[in-house]
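For reference, the structure discussed in these notes is given below.
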């Protein structure tokens, strides 16, 4: 640290010599005062702070763009002073030299005082000097001879100007240094002018980069749209397209841009797309591509593009109809929620049907589900759909018995504008169109009228529909799963159902067993429903008396699983405690209410106990065989053994 008294004496001597007698309050004076406060030694004869080679290389890499832009302008500035012992230097915002140009003899002199790349010439390091003081003042400055704080710089005159980025942030300093005797009043002006040119170049580069970024963002944005896009000028020439359009029409951008739009498409719509044509919103057309047999049903929208209220072009968006319908189905709930994992039961019969259904899901053939009402035909239909390759596409269920016969046709096949009184303007697609790529579940198929059966048969044969009141043929790709609780063969014999349609639907027949044929699953099903229903109703988890399950197993369940679910919900709502018991079940479930009090039925209980013991004895203590003999599950057998004290 330099002694402050000594520094004060140096300052007094400096002023006395007349260097600052007219500039006591100048920028140089303030720079000297800062230098003194920093503790800089005024007698040093070379730079004291130097970067290592690795640190210098890292700095130059970090400032690569500034150096790359500045270097040609530095060379131009140097060409004016070449041979006159001047140096042109580029520094960073901390005063560290990054690039130096100059005569070889002058570079050798600069090397003696370490005025070289990697050296720091900030005020903190070297006191008042053009580079450091320019940074401190944030403005251009020229420092002459002994105005420099350190003796190392006294033979030099230096002119420096700051360099800013577009946000006004200091990013560097341009400096020109030369012998004292060759100083010129225009030197600083040349440096300031060159620094300003560097700033302009930086702004141009930044703007160009910004334009490139905006172009990239535009490209990325248009390519992430879910619909095809075409921008045309007022003459119909294509200016821009996106990736979705390329996929829809199987053409690349270079095949489209610069061509007239009516050269690409054969539709009359594009022949009239000129600047006078009014805006169009979601007009349905069959897109015809020139020179190709490929066609696509799309919704097209056309809107004008304006600049200063003058139309300069049009934006066309093209949406594939089946994609639009998939989105509609997704938001309208046309999705299957059940999978095979959700089907409860271990009974041999239901497991056999489940395995057959899984195999059916792996094909694309039509399926006919038969079984009594309430056996879960809709559950199996959803599970088959979700297990199939169509699982991510729509699942649309139609109850053929729940829709008036006159309306079923328009529901299935759609209708055109004006097809009948009250028809929606513009018409509407039917379920077969909305189900594109997915599954149509036709429940209660036996209730469909004969005339409607004819139309359905045509769809199954030709894979296409014609809307009611229309003439356009619309290809459809759907799988049919039909269901009925009637014997369709008998309905065919009665003349109520077409034989040819029956054969079309009955490709993979699945017969669901009634609940009374899978009694061993009743406790398992009941436990599953009780948990779900209690949660839905808002009840705490419920315990279940073993005799509650026994009571359920003794009923015939004509309404099957659906009836079981309804009875359990009634019992949960009725029950007041946290445990379900036989008394919570409706009396009509057993024909009379005497079952609800087992102490009133000692004879019946004794009969059941004896039957239980005989079965176990006959099966030589094999509980699994005894349960099968009694037609109950092994868990039910254990509960009854515990109830009657059988060991």
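In the UniProt record's numbering, the protein residues as written are 1 to 647.
Just so you know, even glycine gets a beta-carbon here, dropped at the ideal spot from N, CA and C.
Compute the Euclidean distance between the alpha carbons of residue 552 and residue 528, then round it to the nearest angstrom.
Sequence index remark: in the chain shown, residue 552 carries index 552 (1-based). Sequence index remark: in the chain shown, residue 528 carries index 528 (1-based). When only Cα atoms are considered, residue 552 and residue 528 end up about 14 Å apart.
Please check if any C-beta of chain C sits within less than 9 Å of the C-beta of residue 479.
Absent from the structure is chain C; it holds one protein chain and no more.
My output table needs one value for residue 415: the three-state DSSP class, helix, strand or coil.
Reading the chain shown from its first residue, position 415 is the one you call residue 415. Note: residue 415 maps to strand in three-state DSSP.
By the three-class DSSP mapping on this structure, what secondary structure does residue 610 have?
Position 610 of the chain shown, counting from 1, holds the residue named residue 610. Three-state result, residue 610: helix.
Say whether the stretch 23-41 touches the stretch 116-128, bearing in mind that this needs 3 or more beta-carbon pairs closer than 8 Å, one atom from each stretch.
Yes: the two stretches touch, three or more of their Cβ pairs being nearer than 8 Å.
Using the C-alpha atoms, what's the distance from residue 526 back to residue 573?
Taking the chain shown and counting its residues from 1, the one referred to as residue 573 is at position 573. Taking the chain shown and counting its residues from 1, the one referred to as residue 526 is at position 526. Across the structure, residue 573 and residue 526 are spaced so that their CA atoms are roughly 15 Å apart.
Hey, how far is the Cα of residue 602 from the Cα of residue 384?
Position 602 of the chain shown, counted from the start, is the residue given in the question as residue 602. Position 384 of the chain shown, counted from the start, is the residue given in the question as residue 384. Residue confidence is low: residue 602 scores 49 on pLDDT, short of 50, so the model does not pin down where it sits. Its coordinate-derived value is still stated next. Looking at the two C-alpha atoms, the distance is approximately 48 Å.
If the criterion is Cβ atoms closer than 9 Å, does the pair residue 71 and residue 90 meet it?
Along the chain shown, read from residue 1 onward, the residue named residue 71 stands at position 71. Along the chain shown, read from residue 1 onward, the residue named residue 90 stands at position 90. Cβ atoms of residue 71 and residue 90: closer than 9 Å.
How would you label residue 382, buried or exposed, when you count the other beta carbons within 10 angstroms and need 16 or more for buried?
To locate residue 382, count along the chain shown from 1; it is residue 382. Its Cβ being crowded by 16 or more others within 10 Å, residue 382 is buried.
Residues bridged to residue 399 [DSSP beta-bridge criterion]:
Here residue 399 refers to the residue found at position 399 when the chain shown is read from its first residue. Answer by DSSP bridge pairing, in chain order: 443.
What residue range is occupied by the uninterrupted beta strand (DSSP E) comprising residue 504?
Your numbering for residue 504 matches position 504 in the chain shown. Per DSSP, residue 504 belongs to no beta strand (DSSP E); it is in the alpha helix (DSSP H), 499-505.
List the DSSP bridge partners of residue 160.
As a position in the chain shown, residue 160 is number 160, starting the count at 1. Secondary-structure assignment with DSSP links residue 160 through a beta bridge to 141 and 175.
If I measure Cβ to Cβ from residue 640 and keep anything under 6 Å in the same chain, skipping five residues before and after, which residues do I get?
As a first step, residue 640 is located in the chain shown; it is residue number 640 there, counting from the start. Contacts found: 612.
So is residue 461 buried or exposed if we call it buried at 16+ other beta carbons inside 10 Å?
Against the chain shown, residue 461 aligns to sequence position 461. Flag for residue 461 reads exposed.
What's the C-alpha gap between residue 245 and residue 195?
As a first step, residue 245 must be located in the chain shown, where it is residue number 245. As a first step, residue 195 must be located in the chain shown, where it is residue number 195. Using only the alpha carbons, I get a separation of about 49 Å.
Per-residue burial, residue 415 [other beta carbons within 10 Å of its own, 16 or more giving buried]:
Mapped onto the chain shown, residue 415 falls at position 415. So residue 415 ends up on the buried side.
Residue 176 to residue 237, Cα distance in whole Å?
Mapped onto the chain shown, residue 176 falls at position 176. Mapped onto the chain shown, residue 237 falls at position 237. Here the C-alpha atom of residue 176 lies approximately 55 Å from the C-alpha atom of residue 237.
Backbone CA spacing between residue 252 and residue 447 [nearest angstrom]:
Residue mapping note: residue 252 aligns to position 252 of the chain shown, counting from 1. Residue mapping note: residue 447 aligns to position 447 of the chain shown, counting from 1. Those two C-alpha atoms are separated by around 51 Å.
Evaluate the contact criterion for the stretch 42-58 versus the stretch 135-146: three or more CB pairs, one atom per stretch, below 8 Å.
Using a Cβ-Cβ distance cut-off of 8 Å, the stretch 42-58 and the stretch 135-146 are not in contact, since fewer than three pairs of beta carbons, one from each stretch, lie closer than that value.
Given a threshold of 16 other Cβ atoms within 10 Å of its Cβ, counted over all protein chains shown, does residue 543 qualify as buried or as exposed?
Position 543 of the chain shown holds residue 543. With fewer than 16 other Cβ atoms from the protein chains shown falling within 10 Å of its own Cβ, residue 543 counts as exposed.
Report yes or no: do the stretch 285-292 and the stretch 258-271 share at least 3 C-beta pairs separated by less than 8 Å?
The stretch 285-292 is in contact with the stretch 258-271.
Touching or not, the stretch 333-352 and the stretch 512-526, by the rule of three or more beta carbon pairs under 8 Å?
Enough Cβ pairs lie closer than 8 Å, so yes.
Specify the secondary structure class of residue 576 as computed by DSSP and reduced to three states.
Translated into positions along the chain shown, residue 576 becomes position 576. Residue state, collapsed to three classes: coil.
Alpha carbon to alpha carbon, how far is residue 256 from residue 76? Give it in angstroms, no decimals.
Working through the chain shown from its first residue, we reach residue 76 at position 76. Working through the chain shown from its first residue, we reach residue 256 at position 256. Straight-line Cα distance between these residues: approximately 46 Å.
Quick one: Cα of residue 445 to Cα of residue 451, how far?
Position 445 of the chain shown holds residue 445. Position 451 of the chain shown holds residue 451. If you draw a straight line from the Cα of residue 445 to the Cα of residue 451, it is about 13 Å long.
Within 10 angstroms of the Cβ of residue 314, are there 16 or more other Cβ atoms? Answer buried if so, exposed if not.
On the chain shown, residue 314 is found 314 positions in, with the first residue counted as 1. Burial of residue 314 is indicated by the presence of at least 16 other C-beta atoms within 10 angstroms of its C-beta.
What residues in its chain sit with their C-beta under 8 Å from that of residue 449, if we drop five residues either side in the sequence?
Here residue 449 refers to the residue found at position 449 of the chain shown. 405 and 408.
Near residue 254, which residues of its chain fall below 8 Å by C-beta distance, leaving aside the five closest residues on each side in sequence?
Numbered from 1 along the chain shown, position 254 holds the residue referred to as residue 254. Excluding residues within five positions, none has a Cβ falling inside 8 Å.
Roughly how many angstroms lie between the CA atoms of residue 486 and residue 504, to the nearest whole one?
Reading the chain shown from its first residue, position 486 is the one you call residue 486. Reading the chain shown from its first residue, position 504 is the one you call residue 504. Distance between the alpha carbons of residue 486 and residue 504: 17 Å.
At the level of alpha carbons, what is the spacing between residue 178 and residue 308?
Position 178 of the chain shown, counting from 1, holds the residue named residue 178. Position 308 of the chain shown, counting from 1, holds the residue named residue 308. Their backbone Cα atoms lie some 56 Å apart in a straight line.
By DSSP's criteria, residue 60 is part of a beta bridge. Which residues make up the other side?
By 1-based counting over the chain shown, the position of residue 60 is 60. Answer is none; residue 60 lacks a bridge partner.
Please report the straight-line C-alpha distance between residue 454 and residue 561, rounded to a whole angstrom.
Counted from its first residue, the chain shown places residue 454 at position 454. Counted from its first residue, the chain shown places residue 561 at position 561. Using only the alpha carbons, I get a separation of about 34 Å.
Would you report the Cα separation of residue 575 and residue 523, rounded to the nearest angstrom?
Sequence index remark: in the chain shown, residue 575 carries index 575 (1-based). Sequence index remark: in the chain shown, residue 523 carries index 523 (1-based). Between residue 575 and residue 523, the alpha-carbon positions lie close to 18 Å from each other.
Residue from 463, 73, 299 and 151 with nearest C-alpha to residue 282:
Looking up residue 282 in the chain shown gives position 282. Residue 299 is the option with its Cα nearest to residue 282.
Between residue 114 and residue 52, what straight-line distance do the alpha-carbon atoms span, to the nearest angstrom?
Looking up residue 114 in the chain shown gives position 114. Looking up residue 52 in the chain shown gives position 52. Looking at the backbone, the Cα of residue 114 and that of residue 52 are separated by about 13 Å.
Residue closest to residue 583, alpha-carbon to alpha-carbon, out of 547, 501 and 27:
What you label residue 583 is simply residue 583 of the chain shown in a count that begins at 1. Of the candidates 547, 501 and 27, the one whose C-alpha sits nearest the C-alpha of residue 583 is 547.
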